[in-house]
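Reviewing the structure listed below.
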Amino acid sequence: MEIESKDNWYILHGNQKSGPYDYKKIINMIQKNEIMDYSYVWAPHLPKWSQVYSLKEFSKDRFMLLRSHPDYQDAFLQRKNPRIQTQVEILGHNNIRFFDGTLTSISAEGGLCLINTPLVQVGDKIKIHLKSKSKDESPFNVEGVIIRKNFSQDRLNSKSGLYYVVSFSDLEPAGLDQIKSWINSTTSKTA
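This is the structure in structure tokens:
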């Protein structure tokens, strides 16, 4: 698989420009939250400064392809805990507003949530109630912090959700057991 990647990327931090960086370094900086989806970048092949989320070079689909490419694996952070895709309804709050949404992936360290408000911010401490997926499961609560807000061009309106990455800081023992059960169940189905 041939992956075209242009180098000589620049980043705009306020009025300060930094760079040039190669494409792999930019990917790694995104992974480490040094660059956010709303950050502006530029490269010689672009007509103007653009937000990261608007560029196909940094789309989630492209990252999924690059993760399996040997030349790019070192650009991505390696997870300490297994993560699974899921669909769990959530309710939560950040001490200012309540929200609902869906947890779309989870590990013992955190998860990716589609939250139905754009008003939750990076750095917000949140409490989330994960509803049970079946009558055999118990709902549980977690506390965490928003470490990334993923912007999207696919939002339908102001009430459409945005994806937020949440790092768990306090997880009930029953919640950890439930997460492990989901992961083991998914792993055993794919093995």
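Mind the numbering: the sequence shown is residues 105 to 295 in the numbering used here, read in order. All C-beta atoms in this analysis are idealised placements derived from N, C-alpha and C, irrespective of residue type, glycine included. Note that the coordinates shown come from a computational prediction; the quantities given were computed from them, not determined experimentally.
With a Cβ-Cβ cutoff of 8 Å, do residue i and residue j count as a contact?
i, j, result
"Leu116", "Tyr144", "yes"
"Val192", "Lys235", "yes"
"Ile230", "Gly279", "no"
"Ser273", "Glu241", "no"
"Ile194", "His149", "no"
"Ile287", "Pro222", "no"
"Ile134", "Phe162", "yes"
"Pro81", "Asn112", "This structure leaves residue 81 out entirely; the chain is present only between 105 and 295."
"Val224", "Phe203", "yes"
"Ser271", "Val249", "yes"
Quick one: what's residue i bridged to in DSSP?
i, result
"Asn198", "Bridge partners of Asn198: none, in fact."
"Lys229", "Val249"
"His149", "DSSP, once it has assigned bridges, lists no residue as partnering His149."
"Ile210", "Ile188, Gly215"
"Glu193", "Thr206"
"Asn254", "Tyr267"
"Tyr144", "Leu116, Gln155"
So residue i and residue j are in contact, right, with Cβ under 8 Å, and what is the actual spacing, rounded?
i, j, result
"Asn137", "Ile251", "6 Å"
"Asn198", "Asp228", "4 Å"
"Ile188", "Ile210", "6 Å"
"Phe244", "Glu276", "5 Å"
"Leu216", "Tyr267", "6 Å"
"Tyr114", "Lys121", "5 Å"
Span of the beta strand (DSSP E) holding residue i?
i, result
"Gln48", "No answer is possible for residue 48: the residues shown for the chain start at 105 and end at 295."
"Tyr296", "The chain is shown from 105 up to 295; residue 296 falls before or after that span and cannot be answered."
"Gly214", "214-219"
"Val270", "266-275"
"Gly116", "According to the sequence displayed, residue 116 carries Leu and not Gly. Per DSSP, Leu116 belongs to the beta strand (DSSP E) from 113-117."
Can you tell me where the alpha helix (DSSP H) with residue i in it begins and where it stops?
i, result
"Phe167", "164-171"
Checklist entry - Can we say the region 144-157 touches the region 175-186, given the rule of at least three CB pairs closer than 8 Å? => result Contact fails: fewer than three Cβ-Cβ distances are below 8 Å.
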